[in-house]
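J.: Heads up: the sequence shown begins at 0 in numbering that gives the first Met the number 0, then just goes up one per residue. For each residue, glycine too, the CB sits at the ideal point set by N, CA and C. Dropping the structure in here first, questions after.
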Amino acid sequence: MRTDEAFTYLLNFGLTRGEARVYLALLKGNSTKSEIIKNSGVSSSVVYEILERLMKKGLASSITIDNKKRFHATTPEKLLDIIENEKKKIKGLEKNGKMIIPFLRQISREKTLFANVYKDSDGLKSLLKEIEEDFKKQKIKEWLAMGVTAYKNELFNRLWLNWHKNVRSRYKVKAKFLFCEKDTKYYKDLKKVSLSK
């Protein structure tokens, strides 16, 4: 592997360009600040900051010889240790994610129900599918609806009526409706649907 290939690998690994240059320079052996600057090409104003970051990552360490601080790279196998640690972190995140996702979905569902405005039939169909998913998971035992009115687009009335007949009834979810008006065909048809009050 050529040096430029190793440099690219280190970038893919997550090192900055400066960190990769300094790390490759340190692999040549114990080096003073001036030697690192010469071999890596990084600016003297940032070399200590880069060394500090590499040491925090476990990729470099320092030693004082004859009152002069020298730096060197840790064994390259340390890169594999870091990868293993990252894998453990990812597994931990995955585990926590599986635990919290149901809760986040619940928040999202509630936000959708109470914050979103569905302006057309496609929007309503999308909402009804989400509710059906909750029926499947038995999250909803009873359906409560207030302010129900027949005086809206007839397409919406048909969608709601068919949904209550074919979907809600199938999952045996009870429903209670509080209508704004009762002398309408929509009211009478909806009341005929099983498990409706």
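Evaluate F113 with the Cβ neighbour count: other Cβ atoms within 10 Å of its Cβ, from every protein chain shown; 16 or more gives buried, anything less gives exposed.
T.: At F113 the pLDDT is 49, less than 50, meaning the model places this residue with poor confidence and gives no usable figure here.
J.: Reducing DSSP to helix, strand and coil, say where E141 ends up.
T.: strand
J.: Do A72 and L10 count as a contact pair if the criterion is CB distance below 7 Å?
T.: no
J.: How close, in whole Å, do the beta carbons of S39 and A24 come, if the pair is a contact with beta carbons under 8 Å?
T.: 4 Å
J.: In the DSSP assignment, the beta strand (DSSP E) including R69 goes from what residue to what residue?
T.: K67 to A72
J.: DSSP beta-bridge partners for I82?
T.: DSSP lists no partner for I82.
J.: Could you tell me the distance, in whole angstroms, from the CA atom of E180 to the CA atom of N152?
T.: 16 Å
J.: Quick one: is Y22 buried, meaning 16 or more other Cβ sit within 10 Å of its Cβ, or exposed?
T.: buried
J.: If you check the beta carbons only, do N156 and Y185 fall under 7 Å apart?
T.: The Cβ atoms of N156 and Y185 lie closer than 7 Å to each other.
J.: Considering only the beta carbon of each residue, do L154 and S120 sit closer than 7 Å?
T.: yes
J.: I'd like the ranges of any beta strand (DSSP E) spanning at least 3 consecutive residues and lying wholly in the region 8 to 71.
T.: 59 to 64
J.: Along the chain, where does the beta strand (DSSP E) containing L126 start, and where does it finish?
T.: Annotation for L126: no beta strand (DSSP E) segment contains it, though the alpha helix (DSSP H) segment containing it runs S120 to K135.
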